[in-house]
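Peer 1:
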Amino acid sequence: LHLDRRLMEKRIFPAIDVNKSRTRKEELLLSPEDLERIWLLLRVLSPLEPSEAADLLISKLKKTKTNDEFLALMQKM
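Under our numbering, the first residue of the sequence shown is numbered 35, with each subsequent residue one higher.
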């Protein structure tokens, strides 16, 4: 995880820079379907500023109860 001081200063918590927070072994941790959905999510988030990406993620996470629900919601964007 990469934390972003600018997010913290804006009082956005968790102050995680989503675009910089990755693992090199995603394919070993996720199913092929989830991996594809994660890559799609990252393509949506990558052009955004860190604060915009964090706000979007937090607002969408609050609307869902499970990771599967969240990824399905984000896939529709």
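Don't be surprised by glycine CBs; every beta carbon is placed ideally from N, CA and C.
Opposite Ile50 in the DSSP bridges: which residues?
Peer 2: Here residue 50 is taken as the residue at index 16 of the sequence shown, counted from 1. Ile50 is bridged to Leu37.
Peer 1: Out of Leu107, Lys99, Arg45 and Glu83, which one is the CA nearest neighbour of Asp51?
Peer 2: Here residue 51 is taken as the residue at index 17 of the sequence shown, counted from 1. Asp51 has its Cα closest to that of Glu83, out of Leu107, Lys99, Arg45 and Glu83.
Peer 1: How about Leu79 and Asn53: do their beta carbons lie closer than 8 Å?
Peer 2: Within the sequence shown, the letter at position 45 stands for residue 79. Within the sequence shown, the letter at position 19 stands for residue 53. It is a contact, given that the beta carbons lie within the stated cut-off.
Peer 1: Do Leu35 and Ser55 count as a contact pair if the criterion is CB distance below 8 Å?
Peer 2: Reading the sequence shown from its first residue, position 21 is the one you call residue 55. Reading the sequence shown from its first residue, position 1 is the one you call residue 35. A contact, by the Cβ cut-off of 8 Å.
Peer 1: Three or more beta-carbon pairs under 8 Å between the region 97 to 109 and the region 56 to 75, yes or no?
Peer 2: Yes, since at least three Cβ pairs between the region 97 to 109 and the region 56 to 75 fall closer than 8 Å, the two stretches touch.
Peer 1: Under three-state DSSP, which class holds Leu82?
Peer 2: Taking the sequence shown and counting its residues from 1, the one referred to as residue 82 is at position 48. Residue state, collapsed to three classes: coil.
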